[in-house]
Amino acid sequence: MKFLIARLNHETNTFSPVATPLASFAPDYDDAAFQANKGMRTAMAAFIDAAQGLGAQCITPVSATANPSGTVDAEAYRVLTDRIVAAAPGCDAILLDLHGAMVVQSTPDGEGDLLARVRAAAPGVPLGVALDLHGNITQTMVDNADVMVGFKTYPHIDMYDTGAHVARLVLQMLQEGRQWAVRWKQLPLMSHTLRSTTLNGAMARAVAAATEAEREGVPGMTVFAGFCLADIPAPCMSVVATVEATADGEAQAAVALQQVASQIWNERADYVYRSEPLNAAFDRAAAMAQGADKPVLLLDHSDNCMSGGTCDTMDVLQAAWAQGLEGIATGPLCDPQAVAELVAAGVGAQVSLRLGNKVPLTQLGLHKDPVPVQGTVRAISDGSYTVTGPIYTGQRCSMGRAVWLDLGHTQIVVVEQPHEPWDLGVFSCVGLDPTMYPYLLLKSRMYCRPVFVPLSAGLVECDSQGPTSSDHSLFPYQNLRRPVYPLDAL
Ligand SMILES: [Zn+2]
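Each residue of the sequence shown is one higher than the one before, counting from 1 in UniProt numbering.
This is how it looks when you write it as structure tokens:
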């Protein structure tokens, strides 16, 4: 037996100016794709384990994953998907590890188009797909899969389990002759990423309802939060069921889908994040900082490079300065031009330069100017570090060259590549201890929290005009189907 197993992941923020060429995916092909996943915690790893457990041959044409960024380059998509489609004929089962929210220059439905092509290349072959909880589901995706299951956690920690779930159902098609179909309900509801955590709130309750439906016999039930920073017809929440393709199975799933969808709709206000004005956020932060022996964490979630941010906007820092906040540690700020200037000046040099706001926010129609600053170069490093944990412990990371710039009231780590502050290493690589300062400003949404929340006296979320802002009114949607909540009263 031969199983086609492939991984292609991208969450596309169509409002992001960060390009997504083939190189962003760092693709692995064939045996390298197999090796990149075997033994890991990806959905593809679970597919490989399931295939090998059956003694099947694994055909692994592609494993490619890019950080969230702007619309995917058409040629990159063609190269990667052509390899998957070409490998489909002659396989006995197809298991795909996709994201579900990929927008390409050549199609708004990256996954739907791929699934339709794969199905056409191998009609009648069982096809299962594992997706991210932030997938934007479409009818084309649903029509071209037998099994569709998404993550049930955010932060995502169940990728492997999701892959194992998909594989189990596909194996039941092969071994027991079971027949599945994918059914779904989409809601005209754009959820905010900050409200899609499964740790608490409405999303946690929705996932619990889906899990309960599975316990009661629906083979697979997933709540997709969607990814709203995509200018497509429906970057919206969906509930997707894999059902037994019988009258009873269809009926059971229809009831369960309706139940979960109604629960989500009734709680729709809980999926909306209302941004607090920055001055109010800083007032709260200053109150928390009084007498605290740890920094207050300021999270700039409007410029998060793991959702398509440029990692170079200066809004929150400028607003903090304007309000008189002193003693701020922050980083990494991506500004390769500034790094070159600071490295040329050397450690100990007094410098004047224009910092940040260098990447034009064309898609948002925003213009910002680099900010003039004066300071001292404290340290320079190659910007690489080993993650100390608790997540991704031991992984080696690089931010390009890194510089510790001391502005007196603010300590900044300036780097050459966008980088999520998910580990203390982003500061320790230049010798900066960010816990020594009253405020710690990070451009992050979720990933920083396991490390930095325990080190802090409190957390204040800060929104501003960046590519990952939670203020939907900033984004010039052209293709969005209206009405949609919360932009319209529903
Ligand atoms: Zn996600």
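All C-beta atoms in this analysis are idealised placements derived from N, C-alpha and C, irrespective of residue type, glycine included.
For residue i, the three-state DSSP class (helix, strand or coil)
i    : result
V223 : strand
A36  : helix
Y439 : strand
W321 : helix
T410 : strand
T138 : coil
I5   : strand
G249 : helix
I157 : coil
W265 : helix
S69  : strand
S63  : strand
G150 : strand
L487 : coil
S428 : helix
V182 : strand
V125 : coil
I232 : coil
G110 : helix
L333 : strand
T162 : helix
S398 : strand
Spatial distance of residue i from residue j (CA atoms)
i    : j    : result
E212 : G394 : 36 Å
T242 : N144 : 12 Å
D300 : G291 : 23 Å
L115 : H472 : 30 Å
Q57  : A88  : 13 Å
L355 : D312 : 9 Å
L98  : S191 : 21 Å
A66  : H10  : 6 Å
P434 : F427 : 7 Å
Q411 : T376 : 10 Å
C462 : P219 : 41 Å
L4   : T60  : 6 Å
Y160 : G309 : 27 Å
T468 : G324 : 26 Å
A344 : G408 : 21 Å
D303 : L333 : 10 Å
H367 : E341 : 23 Å
K152 : E214 : 12 Å
A23  : V359 : 19 Å
E244 : A43  : 23 Å
P418 : A86  : 34 Å
G226 : Q263 : 17 Å
Y29  : G249 : 39 Å
Ligand 1 heavy atom lying under 6 Å from the CB of residue i
i    : result
L169 : no
H134 : yes
Supposed contact pair residue j and residue i - C-beta distance, whole angstroms, cut 8 Å
i           : j    : result
G128        : V170 : 4 Å
V72         : Q35  : Not quite, the Cβ-Cβ distance comes to about 25 Å (not below 8 Å), so this is no contact.
Y485        : L189 : 5 Å
A202        : E267 : 4 Å
Q63         : R7   : Looking at the sequence itself, residue 63 is Ser, so the reference to Gln does not match. Yes, they are in contact, since the Cβ atoms of S63 and R7 sit about 4 Å apart, within 8 Å.
Y77         : G110 : 6 Å
residue 561 : P68  : Residue 561 cannot be examined here, being either before or after the span of the chain that is shown, 1 to 490.
A122        : C91  : 6 Å
G150        : L131 : 4 Å
Neighbourhood of residue i by C-beta distance below 8 Å, restricted to the same chain and skipping five residues each side
i           : result
G365        : P476
T246        : Q179
A379        : V347, V403, W404, V430, G431 and L432
V339        : G400, R401, A402, V403, V414, V415 and E416
residue 507 : With the chain covering 1 to 490 only, the question about residue 507 has no answer from this structure.
CB contact below 7 Å: residue i versus chain B
i    : result
S384 : Included in the structure is just one protein chain, with no chain B present.
Proximal residues to residue i (C-beta, below 7 Å), its chain only, five neighbours per side dropped
i    : result
Q186 : I137, A234, C236 and S238
L459 : L297, L299 and V453
6 Å Cβ shell around residue i - same chain, five flanking residues per side excluded
i    : result
R119 : N144
V147 : G128, V166, L169, V170, W180 and T242
V260 : A209, A210 and V239
M173 : P126
Y154 : L133, S196, T197 and T198
V142 : V182 and W184
A269 : none
F15  : L229, Q363, L364, P467 and F475
A329 : Q411, P434, Y437 and L440
C448 : P421, W422 and L442
A319 : L278
M314 : G356, N357 and V371
S384 : S398
beta-carbon residue i near ligand 2 non-hydrogen atom, thresh 6 Å
i    : result
M446 : What this structure holds is ligand 1, not ligand 2.
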